[in-house]
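Asks: Got a structure for you, questions after.
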């Protein structure tokens with residue numbers, strides 16, 4: 002499992018984190034960004050949130 006820590010490349014995860022940091026905490030755009038990333042990589046929204054918290 003450690004060999005496949007995240008399906009999202011680390012640079013993409015960093016860019017997503019930077020975009021989210023520029024948005025207000027309750028902005029609906031945050032959910033849109035997460036959903037778009039999940040769809041792009043064919044993973045669940047939950048997986049994206051987990052990757053952001055690692």
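In our numbering, the protein residues as written are 2 to 55.
Even glycine gets a Cβ: it sits at the ideal position worked out from N, Cα and C.
#1: Exposed or buried, which one is residue 8 when buried takes at least 16 other CB atoms within 10 Å?
#2: Over what stretch of residues does the alpha helix (DSSP H) that includes residue 29 continue unbroken?
#3: Spatial neighbours of residue 42 within its chain, please: CB distance less than 6 Å, with the 5 preceding and 5 following residues excluded, ordered by chain position.
#4: Using the Cβ count rule (16 or more neighbours within 10 Å means buried), how would you classify residue 1?
Replies: Taking the definition as stated:
#1: For this step, residue 8 is matched to residue 7 along the chain shown. Exposed: under 16 other Cβ atoms inside 10 Å.
#2: If you number the chain shown from 1, residue 29 lands on position 28. Counting along the chain, the alpha helix (DSSP H) containing residue 29 begins and ends at 29-42.
#3: Counted from its first residue, the chain shown places residue 42 at position 41. Closer than 6 Å at Cβ, skipping near neighbours: 8 and 9.
#4: The question about residue 1 has no answer here: the residues shown for the chain are numbered 2 through 55.
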